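Everything on this sheet refers to the single structure shown next.
Protein chains in written order, with this note's numbering: chain C, 1 to 112; chain L, 1001 to 1112.
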């Protein structure tokens, strides 16, 4: 069966520090991968999605970036965090077809 | 901008009652629709999917779709306190690629 791993679970970072969040999927090949952010009391905002290695689409201009160095690995990065980057970051995967996403357990990021 | 609208709630129902959650969407070409349950502090979990007009039942859950009215609903029968959570409606954009647009969610409270 397919599983998705996301870490760390929580992170407290100072303003201006770098960020790296990692997500890996097991049990499937060539998944579609997504990064979402959920700010406190708000909906899910799609940040990036990827249909293959090295293929990244950005939905919202901001100081975040994403990379997909391997088929089942998706990384979210920032060179300098802002206070507004605080939130709940969720990685998700989907297969071909339209059967919905499976989310990872999320990373709660607090920028101080 | 494709939109998915939900009443934020909270929707309060007594244990054993039927909870009715509603969602409207703007993209008339959307073909697949999903309901996710999100417990406080946790990631969303897919509970129902529906692709054609009418009703789809799975245990205590029934999803209803009316494409002409651009309306999706979720009924929870015999509501339990453990059903207390935020329910997110998600609609796949009609782009030939699976990319979900989420509503902001309805908070459901089931009282014993």
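We put the CB at the ideal spot given by N, CA and C, even for glycine. The structure displayed is predicted, hence computed values, not measured ones.
Nearest to residue i by CA position, among the options, is which residue?
i	options	result
residue 5 (chain C)	C:86, C:41 and C:75	C:75
residue 47 (chain C)	C:89, C:93, C:10 and C:24	C:89
residue 1075 (chain L)	L:1067, L:1058 and L:1026	L:1058
residue 1010 (chain L)	L:1086, L:1031 and L:1027	L:1086
residue 65 (chain C)	C:7, C:1 and C:21	C:21
residue 1084 (chain L)	L:1055, L:1027 and L:1038	L:1038
residue 109 (chain C)	C:10, C:45 and C:2	C:10
residue 33 (chain C)	C:40, C:55 and C:7	C:55
residue 113 (chain C)	C:27, C:38, C:29 and C:28	Outside the shown range of chain C, which is 1 to 112, sits residue 113 (chain C), and nothing can be said about it.
Report all residues from its chain with a CB closer than 8 Å to the CB of residue i; omit the five preceding and five following residues, and keep chain order.
i	result
residue 53 (chain C)	68, 69, 70 and 71
residue 1081 (chain L)	1015, 1110, 1111 and 1112
residue 1100 (chain L)	1034, 1090, 1091, 1092 and 1093
For residue i, which residues from the same chain have a beta carbon less than 6 Å from its beta carbon, with the 5 sequence-adjacent residues on both sides left out?
i	result
residue 63 (chain C)	78
residue 57 (chain C)	49
residue 25 (chain C)	4, 31, 72 and 93
residue 1107 (chain L)	1009, 1010 and 1086
residue 1012 (chain L)	1109
In chain order, what residues of the same chain have a beta carbon less than 7 Å from the beta carbon of residue i, not counting five sequence neighbours either side?
i	result
residue 111 (chain C)	13, 15, 81, 82, 83, 85 and 86
residue 1098 (chain L)	1092
Tell me which residue opens and which closes the beta strand (DSSP E) that residue i is part of.
i	result
residue 112 (chain C)	Looking at the DSSP string, residue 112 (chain C) is not in any beta strand (DSSP E), and its letter there is neither H nor E.
residue 57 (chain C)	55 to 58
residue 1022 (chain L)	1019 to 1025
residue 26 (chain C)	19 to 26
Any heavy atom of the ligand HEM closer than 7 Å to the beta-carbon of residue i?
i	result
residue 1 (chain C)	Among the ligands in the structure shown, none appear at all, so the ligand HEM cannot be discussed.
Alpha helix (DSSP H) runs contained entirely in the segment 1050 to 1100 of chain L, provided each spans 4 or more residues: none
Selection of the segment 1037 to 1060 of chain L by Cβ proximity to chain C, strictly under 7 Å: 1043, 1044, 1046 and 1049
Interfacial residues, the segment 83 to 95 of chain C to chain L, with Cβ spacing under 7 Å: 90 and 94
Proximal residues, the segment 43 to 66 of chain C versus chain L, C-beta separation under 8 Å: 43, 44, 46, 49 and 51
Beta strand (DSSP E) segments (min. 3 residues) lying fully within the segment 56 to 100 of chain C: 64 to 70, 73 to 78 and 87 to 94
Where the segment 1084 to 1110 of chain L meets chain C: residues whose CB sits under 9 Å from a CB there: 1088, 1090, 1092, 1097, 1098, 1099, 1100, 1101, 1102, 1103, 1104 and 1105
Under 7 Å (Cβ pairs) to chain L, residues found in the segment 28 to 41 of chain C: 32
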